[in-house]
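If you count the sequence shown from 1, position 199 lands on 204 in the numbering used here, and the numbers rise without skipping. Where is the CB? At the ideal position from N, CA and C, for every residue including glycine.
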Amino acid sequence: MPSTPPTPRRILISGASSGLGAALAEAYAAPGVSLVLWGRDLARLETVAERCRARGARVETARVDVTDRAATAGHVLAADDAAPLDLLIANAGVSGGTGGGTEPEDQTRDIFAVNLVGVLNTVQPVLPRMRARGRGQIALMASLAGYRGFPGAPAYCASKAAVKVWGESLRGWLAADGVRVSVLCPGYVRTPMTAVNRFPMPFLMDAERAARIMKRGLANNRGRIAFPWPMAFGAWMAGALPDALVDRLTRGLPRKG
6 MPSTPPTPRR
16 ILISGASSGL
26 GAALAEAYAA
36 PGVSLVLWGR
46 DLARLETVAE
56 RCRARGARVE
66 TARVDVTDRA
76 ATAGHVLAAD
86 DAAPLDLLIA
96 NAGVSGGTGG
106 GTEPEDQTRD
116 IFAVNLVGVL
126 NTVQPVLPRM
136 RARGRGQIAL
146 MASLAGYRGF
156 PGAPAYCASK
166 AAVKVWGESL
176 RGWLAADGVR
186 VSVLCPGYVR
196 TPMTAVNRFP
206 MPFLMDAERA
216 ARIMKRGLAN
226 NRGRIAFPWP
236 MAFGAWMAGA
246 LPDALVDRLT
256 RGLPRKG
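(1) Let me confirm a value: residue 20 is counted as buried when at least 16 other C-beta atoms fall within 10 Å, else exposed. Which label applies?
(2) Counting C-beta neighbours from all protein chains within 10 Å, is the total for residue 198 16 or more, i.e. buried, or is it exposed?
(3) Starting from the C-beta of residue 32, find all residues in its chain whose C-beta is less than 7 Å away, skip the five residues before and the five after it, and write them out in chain order.
(4) Kindly give me the distance between the Cβ atoms of residue 56 and residue 37, rounded to whole angstroms, as I take these residues to be in contact under 8 Å.
(5) Should residue 108 go down as buried or exposed, given a rule of 16 or more other Cβ atoms within 10 Å for buried?
(6) Give a yes or no on contact between the stretch 115–135 and the stretch 158–176, applying the rule of three or more CB pairs nearer than 8 Å.
(7) What would DSSP say about residue 123, mapped onto helix, strand or coil?
(8) Can you tell me whether residue 232 is helix, strand or coil according to DSSP?
(9) By the three-class DSSP mapping on this structure, what secondary structure does residue 73 have?
(10) Name the residue from 227, 245, 223 whose alpha carbon lies nearest to the alpha carbon of residue 29.
(11) Am I right that residue 80 and residue 95 are in contact with their C-beta atoms under 8 Å? What's the rounded C-beta distance?
(12) Please return the same chain residues whose Cβ sits closer than 7 Å to the Cβ of residue 117, not counting the five positions on each side in sequence.
(13) Measuring alpha carbon to alpha carbon, tell me which of 244, 100, 84 ends up nearest residue 193.
(14) Which residues mark the beginning and the end of the beta strand (DSSP E) in which residue 31 is found?
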């Protein structure tokens, strides 16, 4: 039987000032754990950091804009220099859709810049080091929205699809080097990002529960952590069904704001 992966002790989480990033930080916070938390809002980030410190973790915080390639690389490498990273969770992301009747070009580019390029900027600098060490784990925040493009959120779906497929490809490529890669594909989670949605969100769950599911999946080295299972199955079916049928089914779906 394969050995159980070691418990991560040095963890970097981007987008940790709220939502899933904050919930993941608190889920991992414990004595003996060192957390490196990034966010764009330092006040909110420090609030999360204090909650993690109360759980016994050592916490470092930094204001990082993941769209800035050079600055992001500097922060990643500085964190790894201080102590080798066991787990990097590239979580920072933004959302948007066609709820206003259109998806402006600037919005489209901003979504790709954060959700895709920001992930690349966060992960790429540390990959050579993890490969050289022969250990480490990468978790990429994708989404069930990445299984199929939907008219309500074209750029969001596409950005998450790219992250999902890149992560799946990295997993196969880096396995021989001892580096574990997982893609995180949650459905609707109660966060500030989903709070703007003005439509029913099936199987909506709290961020704390979602973080526990992801943490457990990462501990078991699952390649694709997709949940809740009814939505994951539906997303998979949407990607497998003929376009003409899916087009008819999705045409009337609500648009994301």
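In brief:
(1) Within the sequence shown, residue 20 is the residue found at index 15, counting from 1. Buried.
(2) Your numbering for residue 198 matches position 193 in the sequence shown. Buried, by the Cβ-count rule.
(3) Looking up residue 32 in the sequence shown gives position 27. The residues are 216, 217, 220.
(4) Working through the sequence shown from its first residue, we reach residue 56 at position 51. Working through the sequence shown from its first residue, we reach residue 37 at position 32. Not quite, the Cβ-Cβ distance comes to about 17 Å (not below 8 Å), so this is no contact.
(5) One-based indexing of the sequence shown puts residue 108 at position 103. Around the C-beta of residue 108, 16 or more other C-beta atoms lie within 10 Å, and the residue is accordingly described as buried.
(6) Flag = yes, the stretch 115–135 and the stretch 158–176 touch.
(7) As a first step, residue 123 must be located in the sequence shown, where it is residue number 118. Three-state DSSP puts residue 123 in a helix.
(8) Locating residue 232 in the sequence shown gives position 227, where the first residue counts as 1. Reduced to three states, the DSSP call for residue 232 is strand.
(9) Counting from one through the sequence shown, the residue named residue 73 turns up at place 68. If DSSP states are grouped into helix, strand and coil, residue 73 belongs with coil.
(10) Counted from its first residue, the sequence shown places residue 29 at position 24. The shortest C-alpha separation from residue 29 is found at 223.
(11) By 1-based counting over the sequence shown, the position of residue 80 is 75. By 1-based counting over the sequence shown, the position of residue 95 is 90. With a Cβ gap of about 13 Å, residue 80 and residue 95 do not count as contacting.
(12) The count along the sequence shown starts at 1 and reaches residue 117 at position 112. Only 160, 164 meet the Cβ criterion.
(13) Taking the sequence shown and counting its residues from 1, the one referred to as residue 193 is at position 188. If we check each option's Cα against that of residue 193, 100 comes out closest.
(14) Counting from one through the sequence shown, the residue named residue 31 turns up at place 26. Here residue 31 belongs to no beta strand (DSSP E); instead the alpha helix (DSSP H) covers 24–33.
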